[in-house]
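Q: My structure is below; once you've seen it, I'll send some questions.
Here's what the structure looks like:
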């Protein structure tokens with residue numbers, strides 16, 4: 069995977085070419101006055117030269133802190149499809165004595181020196197092919213070192229430690245929370261193996277959420293910086309700088325129909341990168357705070373239920389037995405504050421939770437119905453592997469009715485064995501046995517095997533009760549449905565907002 073960078077707004081004078089005669093400008097008193105064309109050209113040239121000098125200062129000051137990283141491995145017996153960042157030449161491998169195990173570059177990317185003692189930050193996907201746990205690092209001055217890898221797959225970040233013969237140049241980090249769309253973005257890396265290549269662009273968007281990879285190996289990136297700076301294969305793991313030469317992100321991916329720069333690249337924010345790097349250096353692993361719930365931005369269906377002025381994030385799911393469940397946080401709650409931090413978007417809450425040390429207590433402010441609550445909660449340590457998505461067991465002998473059918477659902481009573489497995493009182497809830505495609509229930513994410521616990525605040529104990537409750541919902545009106553689902557051996561409580569057809 070690779071990324072690119074983007075440019076921020078250019079001073080208007082730098083974009084206007086020399087203009088002959090008849091130019092007007094407005095002075096501080098708002099009067100139109102004639103401008104000397106020669107003076108205007110001199111002003112434009114000075115502005116352009118100043119901007120040019122700023123770019124050159126970035127190249128001179130932090131360019132030496134960027135490195136090229138190569139992952140070595142056995143030479144393939146036949147041509148294979150390599151990762152996107154591959155830039156080695158299989159046919160260029162040296163001829164070795166018969167019986168010797170050949171090694172060639174099988175993948176590679178870029179990196180950034182963050183400590184002068186030899187700590188280098190890069191992407192996890194750049195070094196994941198290093199089965200020996202070692203890679204080759206080439207500094208900007210041409211020196212090469214063997215590096216030892218420490219990885220954090222969840223963030224797609226990794227550290228490479230080398231033993232330099234002298235202190236190395238480094239680059240400072242910016243506060244990526246203060247980034248604005250339109251600011252300058254400068255990428256330095258090794259696209260296609262061309263070390264210390266520099267491109268410029270702007271920050272073109274913030275907080276992009278995406279998932280990359282197949283279902284089994286997919287990585288979730290909850291909040292990425294988007295840039296239009298040219299980033300290509302080999303830029304992965306390299307830095308994205310601002311005009312002051314401060315790191316604002318680590319280039320991680322591109323959107324491209326061709327595999328080369330199409331003007332849309334992504335970078336992991338600097339604050340996330342610094343958090344991960346500091347923990348990998350100090351502990352060799354990353355520990356994150358954990359509550360055991362899934363927050364989501366308020367969608368249009370939720371707003372129909374909550375009102376257009378609703379702010380915060382909705383608790384969509386909550387796993388039983390977790391800190392969120394123990395503290396009494398419920399699916400459907402609207403979280404507006406985490407400690408002293410106001411919460412308006414999902415990524416803000418996720419980042420705040422992850423950056424809070426396990427064992428620390430935090431007060432969460434939330435809205436439940438029309439009541440404002442403050443709930444203390446003690447965070448646990450996030451599991452190394454996230455829980456798998458809820459399963460959808462196949463269950464037959466359904467009972468269906470008008471209200472259920474209207475929303476695309478089929479349900480039956482919960483058996484005694486199921487009640488025990490979900491720790492329910494006898495007669496609580498009904499089991500979903502079928503969800504019609506493209507129905508309101510399917511659109512809201514209700515799955516086969518879920519247990520409907522309440523509809524519009526009314527507790528449900530029979531399919532007939534569920535049918536009646538859904539029949540009472542007027543056309544185009546929203547209704548909140550609470551469900552239970554098994555996921556990875558845990559019971560997950562969810563809140564889904566459905567809109568009646």
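In the numbering used here, the protein residues as written are 69 to 569.
Backbone N, C-alpha and C fix where the C-beta goes; we use that ideal spot for every residue, glycine too.
The structure displayed is predicted, hence computed values, not measured ones.
1) Does DSSP put residue 488 in a helix, a strand or coil?
2) Looking only at C-alpha atoms, which of 538, 505, 507 and 511 sits nearest to residue 520?
3) For residue 527, I'd like the list of residues in its chain whose CB is within less than 8 Å of its CB, leaving aside the five on either flank, ordered along the chain.
4) With distance defined between alpha-carbon atoms, name the residue in 229, 356 and 422 nearest to residue 187.
5) Is it buried or exposed, residue 288, if we count other Cβ atoms within 10 angstroms and call 16 or more buried?
6) Give the secondary structure of residue 148 by DSSP, where H, G and I count as helix, E and B as strand, and everything else as coil.
7) Take residue 291 and list the residues in its own chain whose beta-carbon comes closer than 6 Å to its own, dropping the five residues that flank it on each side.
8) Can you tell me whether residue 359 is helix, strand or coil according to DSSP?
9) Skipping 5 residues on each side, what residues in its chain have a beta carbon closer than 6 Å to that of residue 565?
10) Residues bridged to residue 562 by DSSP?
11) Should residue 329 and residue 298 be called a contact, given that it needs their Cβ atoms to be closer than 8 Å?
12) Buried or exposed: residue 246, going by 16 or more other Cβ atoms within 10 Å of its Cβ?
13) Using 8 Å for Cβ pairs, my map puts residue 266 next to residue 114. What's the rounded Cβ distance?
14) Less than 8 Å between the CB atoms is what I'm expecting for residue 417 and residue 381, so what's the real figure, rounded?
15) Give the secondary structure of residue 425 by DSSP, where H, G and I count as helix, E and B as strand, and everything else as coil.
16) Taking residue 220 and residue 191 to be in contact with their CB atoms under 8 Å, please state how far apart those CB atoms are, rounded to whole angstroms.
17) Alpha carbon to alpha carbon, what distance is there between residue 312 and residue 269?
18) Ignore the nearest five residues each way along the sequence and tell me which others in residue 286's own chain have a CB closer than 8 Å to its CB.
19) Roughly how many angstroms lie between the CA atoms of residue 478 and residue 502, to the nearest whole one?
20) In terms of residues, what are the limits of the beta strand (DSSP E) holding residue 294?
21) Does the region 235-253 come into contact with the region 315-322, if we say contact requires no fewer than three beta-carbon pairs (one atom in each stretch) closer than 8 Å?
22) When burial is assigned at 16 or more other CB atoms within 10 Å of the CB, is residue 260 buried or exposed?
23) Residue 360 and residue 393: beta carbons closer than 8 Å?
24) Label residue 525 either buried or exposed according to how many other C-beta atoms from any shown protein chain fall within 10 Å of its C-beta, with 16 as the threshold for buried.
25) Using DSSP's beta-bridge definition, name the partner residues of residue 214.
26) Is the CB of residue 389 under 8 Å away from at least one CB in chain D?
27) Distance, Cα to Cα, residue 363 vs residue 322?
28) Based on the DSSP output, what are the partners of residue 321 in its beta bridges?
29) Which residues in the same chain as residue 429 place their Cβ atom closer than 6 Å to its Cβ, once the five residues preceding and following it in sequence are excluded?
30) For the region 399-413 against the region 346-356, are there 3 or more C-beta pairs whose distance is under 8 Å?
31) Residue 266 bridges to which residues according to DSSP?
32) Compare the C-alpha of residue 332 against each of 218, 211, 253 and 208 and name the closest.
33) In chain order, what residues of the same chain have a beta carbon less than 8 Å from the beta carbon of residue 194, not counting five sequence neighbours either side?
34) Less than 8 Å between the C-beta atoms of residue 263 and residue 206, yes or no?
35) To the nearest angstrom, how far is the alpha carbon of residue 387 from that of residue 326?
36) State the DSSP-derived secondary structure class of residue 473, mapped to helix, strand or coil.
A: Taking the definition as stated:
1) helix
2) 538
3) 496 and 521
4) 229
5) exposed
6) Reliability of the predicted coordinates at residue 148 is poor, the pLDDT of 34 falling under 50, and no value is obtained from them.
7) 275 and 415
8) coil
9) 369, 370, 373, 546 and 548
10) 385 and 551
11) yes
12) exposed
13) Not really, about 23 Å apart at Cβ, beyond 8 Å.
14) 5 Å
15) coil
16) Contact doesn't hold; Cβ gap of about 10 Å is too wide.
17) 14 Å
18) 279 and 280
19) 5 Å
20) 287-295
21) yes
22) exposed
23) yes
24) exposed
25) 204
26) Of the protein chains in this structure there is only one, and it is not chain D.
27) 27 Å
28) 334
29) 444 and 446
30) no
31) 256
32) 253
33) 137, 139, 153, 175, 176, 177, 178, 179, 226, 304 and 305
34) yes
35) 41 Å
36) helix
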